[in-house]
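A.B. asks: Have a look at this one before I ask anything.
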Amino acid sequence: MALKATFSANAPVELARITSHNVIGKLTGSKYPNETVSYGGHWDAYGIGPADAQGRTIRPGAADDALGLAAMIEIARKFAAGPRPERTLLFAAWTSEERGLLGSEYYAQHPLYPHETMVANLTLDTLQFAGPVKDVVLIGKGQSEMEQLLAQAAQAQGRYVTPEGHPERGLFYRADHFSLAKRGVPVLLDMALAGAYDLQDGGREAGERWLSEFTGKCYHQTCDAWSPDWNLGGAVQEADLFYDIGARLANSREWPKWLPSSEFSKVREASAETRR
Ligand SMILES: [Zn+2]
22 MALKATFSAN APVELARITS HNVIGKLTGS KYPNETVSYG GHWDAYGIGP ADAQGRTIRP
82 GAADDALGLA AMIEIARKFA AGPRPERTLL FAAWTSEERG LLGSEYYAQH PLYPHETMVA
142 NLTLDTLQFA GPVKDVVLIG KGQSEMEQLL AQAAQAQGRY VTPEGHPERG LFYRADHFSL
202 AKRGVPVLLD MALAGAYDLQ DGGREAGERW LSEFTGKCYH QTCDAWSPDW NLGGAVQEAD
262 LFYDIGARLA NSREWPKWLP SSEFSKVREA SAETRR
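Everything in the sequence shown is counted per the numbering used here, starting at 22 for the first residue and increasing by one.
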């Protein structure tokens, strides 16, 4: 029997066109300028919203992702002050991540350098401010050889690797690195939301406390704001870690690969053909 039903709806929609920009910096490689190692973070946040209990309306995005951008800028500064690496380094401050990875997706559709010549992308999105840690959280286990680079760099810092505690949140598919991963570029995401860290002061329990407090209360809200009691020792560890991994890739002939189990390995194989 055919079901007879009708439905009509009316929803007023306001459409506004907004122009926004990605900002990309570059240090040209001394020996292999056409091969790139890229860093990324997003500069947008949620902007103005409903007032909170204290009457605050601005959602500054201090940890998400001003901290990530600050780390990226310091990494760039350190590279710029030292001997120029052999491969080109790119530093991207993406726009509109919070609107669905729009800035990085735009770049991925209009790349400045062919994706097949991008060795890797390192994305910093949301760092923690609870202090130094004993481990690193690996997001996207089983995806690519980047996890070995992460483990080795972590070990050199005296840290161990903890696989992400909340794979069900799908963070590997939710930040700007994903726009490049889809095009076959091996990626590494540093994001404090993927699982509790083992804090030097207070261990995993203190890490869990920070994580549940931040995600439950301040994530994308007005209280994701700088505070004088922040301890950025852990964020500095992440910046050092990503500097080391980028420096290794920028001064080697390494081309990290996706693991055969990854859905992205086929894309890279196809695009690597054009590199040869
Ligand atoms: Zn966010």
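Glycine included, C-beta positions come from ideal geometry on N, C-alpha and C.
Bear in mind the structure is a predicted one, so any value in this text is a computation, not a measurement.
Near ligand 1, which residues have their beta-carbon less than 6 Å from any of its heavy atoms, given in chain order?
C.D. replies: Asp85, Glu119 and His241
A.B. asks: Keeping to the same chain, check which residues put their C-beta closer than 7 Å to that of Met167; ignore five residues upstream and five downstream.
C.D. replies: Around Met167: Ala141, Pro207, Val208, Leu209 and Pro277.
A.B. asks: At what residues does the beta strand (DSSP E) containing Gly115 begin and finish?
C.D. replies: Note on identity: in this sequence residue 115 is Trp, with Gly being the wrong assignment. Here the beta strand (DSSP E) through Trp115 covers Arg108 to Trp115.
A.B. asks: What did DSSP end up calling Ala172 once you bin it into helix, strand or coil?
C.D. replies: helix
A.B. asks: Expressed to the nearest angstrom, what Euclidean distance is found between the alpha-carbon atoms of Asp197 and Ser125?
C.D. replies: 6 Å
A.B. asks: Bridge partners for Tyr181 per DSSP, in chain order?
C.D. replies: Paired residue(s): Asp156.
A.B. asks: Measuring CB to CB, does Tyr218 end up less than 7 Å from Val257?
C.D. replies: The Cβ atoms of Tyr218 and Val257 lie no closer than 7 Å to each other.
A.B. asks: Please report the straight-line C-alpha distance between Val182 and Leu192, rounded to a whole angstrom.
C.D. replies: 17 Å
A.B. asks: Count the other CB atoms within 10 Å of the CB of Asp222; is the residue buried (16 or more) or exposed (fewer)?
C.D. replies: exposed
A.B. asks: The alpha helix (DSSP H) spanning His198 covers which residue range?
C.D. replies: His198 to Ala202
A.B. asks: Measure how close the beta-carbons of Asp156 and Arg180 come, nearest whole angstrom, since I'm counting them as under 8 Å.
C.D. replies: 5 Å
A.B. asks: Would you mind listing the alpha helix (DSSP H) stretches within the segment 29-72 that are 4+ residues and don't spill past its ends, in chain order?
C.D. replies: none
A.B. asks: Look at the Cβ atom of Glu189, then the Cβ atom of Arg108, and state whether they are nearer than 7 Å.
C.D. replies: no
A.B. asks: Who are the Cβ neighbours of Met212 in its own chain at under 7 Å, not counting the five residues just before and after it?
C.D. replies: If we look at Met212 and ignore the five residues flanking it on each side, its Cβ neighbours are Asp146, Thr147, Ile160, Leu192 and Ala196.
A.B. asks: What is the DSSP secondary structure of Ala141, reduced to helix, strand or coil?
C.D. replies: strand
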